[in-house]
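Each residue of the sequence shown is one higher than the one before, counting from 1 in the working numbering.
From the three backbone atoms N, C-alpha and C, an ideal C-beta is built for every residue, glycine too.
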Amino acid sequence: MAQVAIVMGSDSDMPIMKKAADVLKELGITFTMHIISAHREPEEFFSFANTAEEKGYKVIIAGAGMAAHLPGMCAAIFPLPVIGIPMHTTSLGGRDSLYSIVQMPSGIPVATVAINGGQNAGLLAAKILATSDETLLGKLKDYSENMKNAVIAKDAKLQEVGYEAY
Ligand code: RP5
Numbered sequence: 001m002a003q004v005a006i007v008m009g010s011d012s013d014m015p016i017m018k019k020a021a022d023v024l025k026e027l028g029i030t031f032t033m034h035i036i037s038a039h040r041e042p043e044e045f046f047s048f049a050n051t052a053e054e055k056g057y058k059v060i061i062a063g064a065g066m067a068a069h070l071p072g073m074c075a076a077i078f079p080l081p082v083i084g085i086p087m088h089t090t091s092l093g094g095r096d097s098l099y100s101i102v103q104m105p106s107g108i109p110v111a112t113v114a115i116n117g118g119q120n121a122g123l124l125a126a127k128i129l130a131t132s133d134e135t136l137l138g139k140l141k142d143y144s145e146n147m148k149n150a151v152i153a154k155d156a157k158l159q160e161v162g163y164e165a166y
């Protein structure tokens with residue numbers, strides 16, 4: 001039984017959704033990944049959303065672009081947290097996706113990350129699961145520590161070689 005469902009409106013979203021999957025994999029969180037279009041195949045979408053709770057998912061990560069209704073419609077049906085990832089678009093720079101996902105009506109929240117924010121979506125899902133999982137919480141603390149050390153190492157290199165050689 002997977003903990004997280006990752007869904008996206010099109011295979012063109014995959015490069016961003018893969019970042020969420022990579023984080024979950026790194027942290028040992030089980031997940032499934034599906035291409036499900038709320039617009040192009042509504043029956044398949046409703047079948048997924050209506051059965052997501054009984055399948056045991058604790059969080060859904062949903063990414064979509066343009067008139068991006070997939071995350072909001074997941075949140076309308078699935079009773080647990082939904083994280084939305086707005087895709088960058090060529091016509092409107094992803095503002096269309098962002099506004100579609102973030103401007104949910106009262107009562108139906110979607111935790112919206114940045115445009116193309118696949119990594120943060122994965123981390124946010126992990127943090128939600130870590131509220132009841134001490135081992136996962138420890139892994140998240142290690143993840144943050146590693147990030148901090150990477151920045152410190154970059155600064156040390158800058159000081160050593162100077163900005164022109166960096
Ligand atoms: C949305 O339409 C998808 O999430 C995708 O971001 C966007 C464009 O889809 P394609 O035309 O690339 O399949 O449903």
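A heavy atom of the ligand RP5 is found nearer than 8 Å to the CB of MET87.
For the set ILE60, GLY72 and PHE31, the Cα lying nearest the Cα of VAL102 is the one of GLY72.
The beta carbon of LYS157 lies closer than 8 Å to those of TYR166 in the same chain, with the five residues before and after it left out. Straight across, the Cα-Cα distance linking SER12 with LYS139 is about 31 Å.
The Cβ-Cβ distance between ALA5 and HIS34 falls below 9 Å. Excluding five sequence positions before and after ALA20, the CB atoms of its chain that fall closer than 8 Å to its own CB belong to ILE6, ILE61, GLY63, ILE85, GLY118, GLN119, ALA121, GLY122 and ALA125, given in chain order.
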